[in-house]
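Report on the structure given below.
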Amino acid sequence: MTDRTHRFTRPGAGPILLLRFSGDLTTKADATRRQMTRRLVDNLRTSIKESGRPARVTQSRNRLYVELEPATTGGPSDEAMVARLGRVFGVQSVSLTHAAAWQSLEDVVREGLAFGLPFVRGKRFAIRARRMGERHEVKLRSAEIQEQLGTALRPESAGVDLSDPEVTIHVEVDAELAYYFVAKQRGAGGLPLGTQGRAVSLLSGGFDSPVASWRMLRRGVALDYVFCNLGGRPHQLEALAIAKRLSELWQAGTRPRFHAIDFDPVSREIQRSITTRYWQVVLKRMMLRAAAAVADRIGGLAIVTGDAIGQVSSQTLQNLAVISRATDVPILRPLVGDNKDDIIEEAKRVGTHDLSEKVGEYCAIVPSHPATAARLADILDEETRLDPAVLERALAERSEFLLPEVDLAGWDDAQLCAKTLLPGETLIDLRSRQAFDAWHPPGALFLEFGMALRAYPAFDQGQRYVVYCEWGLKSAHLADLMRREGLDARHVSGGVRELKRMVEEAGGA
């Protein structure tokens, strides 16, 4: 355990947050609990670092303590830090405390009186005291703390009420310090993120898949997101915003990626080759194959989906059984028995509801009479007519975004967007080699997106750059990173269509 001697008694110290372990963690065997606690502490420290407010994390057997530096103007408040750390999985609840050293029962009562008076004045109250540690370490009894502190506070209150108090003053006393607080903010609970391996989540942008993802994050599974794009730039931007929200709020301690796959060619191949009523079933099977390929690449152990039985035609039990046979990778369906209304309510708690509410319907293949009870033999026969190279090419040309580095707000910066092409600028094409060979402006350079993300720090600082891609999303991300590196970089926000207009205006081919 970490030594906490006198660590909270220095002058000018900020408040202390008291964090309780989730029930999932406290029931583990000692070795497993130690391993999970180490991961939880690492995740907390990452979240604190990302907040920009310095703090120190230490632990006892049953508690974690976060000593915050005093708040600064423009920095996160105490309450914001309570909310932030409550979103770290493995934390059951968080309390903002007042801590004071003690030597005697009189010290505990005197400090408790000063703390409690503003809360109990004119109200019915109760005292809940708890001794933290062995009897020989804390030679006080909880009952005597409650009795004497209650007696001291009673004259200013509306009386003691142990069954239905308006205010409850909590006191936890360990060998050195007494912690006073009035509220326990509920935490995320669950298991520390990253303790249960890694998986990929098929993210669509609606209500279901983000909630399904959150439930698996709560069980300690680190996630990357796989997005099969059927709606071009708007759809990808909406899904990316949801993945970014999940990453910011809930994935401290990991560095999740967003894998975007252009599924328009796959959709067109299905419509060309497959009987109409089976389009949806085959599409879902192709998405699972895409997710399985990404999982294999990153070491993912499972695929997470937002399926719920009977919600749409492709999610009948019979169809789900057939769809699941597309891959040997385990498929996790956390929402399989949930009602839609409950999922939407949960999305509000997760923080994705407002984004999912704005996502349009982008499915390009909606047959008028879809199969609701497809047979595996029929689907396998249908799929023999598909060209496997279409999916292989889509996977080879997928884009990866490291979510902690994505700045969606910065992508709208006018200084980042190129409106015209100027002489002397270096044009960089981030599309596939096939798309580059089919058309590119004179003098443009081909650079695969993943390679560009690794190579840009070595770019010539004396050059001016314009980067472009299909829809202006990869290019926005790269241009933003390049500008942070001190490079003179802009991008074509409207993608290839806008670039062609700019080339024509400049008199190019």
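Per the numbering used here, residue 27 is the first one in the sequence shown, and the count goes up by one each step. Even glycine gets a Cβ: it sits at the ideal position worked out from N, Cα and C. Note that the coordinates shown come from a computational prediction; the quantities given were computed from them, not determined experimentally.
Please report the residue range of the alpha helix (DSSP H) in which residue i lies.
i, result
"Gln-460", "459 to 464"
"His-162", "Taken as a continuous stretch (DSSP letters only), His-162 belongs to no alpha helix (DSSP H), as it is neither H nor E."
"Val-308", "305 to 324"
"Leu-66", "56 to 77"
"Phe-47", "Here Phe-47 belongs to no alpha helix (DSSP H); instead the beta strand (DSSP E) covers 42 to 47."
"Phe-475", "475 to 481"
"Ala-178", "168 to 179"
"Pro-102", "It is not in any alpha helix (DSSP H) - Pro-102 carries neither H nor E in the DSSP assignment."
"Asp-407", "402 to 409"
"Pro-144", "131 to 146"
"Val-338", "Looking at the DSSP string, Val-338 is not in any alpha helix (DSSP H), and its letter there is neither H nor E."
"Asn-345", "343 to 350"
"Ile-370", "366 to 376"
"Glu-418", "414 to 422"
"Asp-380", "379 to 382"
"Arg-509", "500 to 510"
Residue range of the beta strand (DSSP E) that residue i falls in?
i, result
"Ser-545", "Within the shown structure, residues of the chain are numbered from 27 to 535, placing residue 545 beyond reach of any answer."
"Ala-126", "117 to 127"
"Asp-455", "451 to 455"
Using the DSSP secondary-structure output, state which residues sit across from residue i in a beta bridge.
i, result
"Thr-194", "Ala-152"
"His-517", "Cys-443 and Val-493"
"Ala-225", "Leu-249"
"Tyr-205", "Ala-125 and Glu-198"
"Asn-255", "Asp-288"
"Arg-91", "The sequence given here places Tyr at residue 91; Arg does not occur at that position. DSSP, once it has assigned bridges, lists Leu-44 and Thr-84 as partnering Tyr-91."
"Leu-358", "Val-330"
"Val-186", "Phe-151"
"Phe-472", "Asp-455"
"Gln-211", "Val-120"
"Arg-283", "Leu-428"
Do residue i and residue j have their CB atoms nearer than 7 Å?
i, j, result
"Ile-153", "Tyr-91", "no"
"Ser-340", "Lys-310", "yes"
"Glu-496", "His-285", "no"
"Ala-155", "Gln-174", "no"
"Val-330", "Leu-358", "yes"
"Ser-119", "Lys-210", "yes"
"Gly-213", "Gly-112", "yes"
"Gly-101", "Ser-48", "no"
"Ala-178", "Val-134", "no"
"Phe-141", "Tyr-206", "yes"
"Ala-400", "Asn-365", "no"
"Gly-148", "Val-226", "no"
"Ile-287", "Gly-231", "no"
"Ala-278", "Leu-229", "no"
"Gly-498", "Gly-476", "no"
"Leu-525", "Tyr-482", "no"
"Ala-97", "Ser-103", "yes"
"Gly-40", "Glu-95", "yes"
Nearest by alpha-carbon distance to residue i: which of the options is it?
i, options, result
"Val-320", "His-379, His-124, Asp-68 and Glu-423", "Glu-423"
"Leu-51", "Gly-488, Asp-68, Thr-63 and Arg-516", "Thr-63"
"Asp-234", "Thr-221, Val-376 and Gly-116", "Val-376"
"Ala-352", "Asp-333, Asp-322 and Ala-318", "Ala-318"
"Pro-282", "Val-292, Asp-333, Arg-224 and Arg-294", "Arg-224"
"Ala-415", "Val-292, Thr-398 and Ala-484", "Val-292"
"Asn-69", "Gly-363, His-517 and Leu-219", "Leu-219"
"Asp-486", "Glu-511, Leu-448, Lys-54 and Arg-89", "Glu-511"
"Trp-305", "Met-528, Gly-386, Leu-434 and Leu-412", "Leu-412"
"Arg-480", "Leu-442, Leu-428 and Gln-441", "Leu-428"
"Thr-221", "Val-67, Phe-472, Pro-236 and Asp-200", "Val-67"
"Asp-438", "Lys-75, Glu-431 and His-517", "His-517"
"Met-538", "Thr-410, Glu-418 and Thr-378", "Look at the range of the chain in this structure, 27 to 535, and you will see that residue 538 is not part of it."
"Val-392", "Leu-256, Asp-514 and Gly-450", "Leu-256"
"Val-432", "Leu-263, Leu-188, Leu-131 and Arg-46", "Leu-263"
"Pro-396", "Thr-342, Gln-441 and Ile-74", "Thr-342"
"Lys-384", "Pro-260, Ala-478 and Arg-459", "Pro-260"
"Asp-190", "Lys-75, Gly-488, Arg-150 and Val-522", "Arg-150"
"Ala-334", "Gly-363, Val-308, Leu-402 and Leu-381", "Gly-363"
"Leu-468", "Glu-198, Arg-180, Glu-409 and Gly-533", "Position check: residue 468 holds Pro in this sequence, whereas Leu was assumed. With distances taken between Cα atoms, Pro-468 lies closest to Gly-533."
When the cut-off is 7 Å and only beta carbons count, does residue i lie next to chain D?
i, result
"Tyr-91", "Protein chains in the displayed structure number just one, and chain D is not present."
Does the Cβ of residue i lie closer than 6 Å to at least one heavy atom of the ligand COA?
i, result
"Leu-43", "No copy of the ligand COA appears in this structure; indeed no ligand is present at all."
**Message:** Whether or not the stretch 364 to 383 and the stretch 246 to 256 are in contact is what I'm after, with contact meaning three or more pairs of Cβ atoms, one per stretch, closer than 8 Å; do they touch?
**Reply:** no
**OP:** Pair every Cβ in the stretch 72 to 84 with every Cβ in the stretch 229 to 245, then say whether three or more of these pairs are closer than 8 Å.
**Re:** no
| request: Determine contact between the stretch 489 to 507 and the stretch 447 to 454, defined as no fewer than three beta-carbon pairs at a distance below 8 Å. | output: yes
Problem set entry | Cβ contact check for the stretch 177 to 197 and the stretch 288 to 297: 3 or more pairs under 8 Å | no
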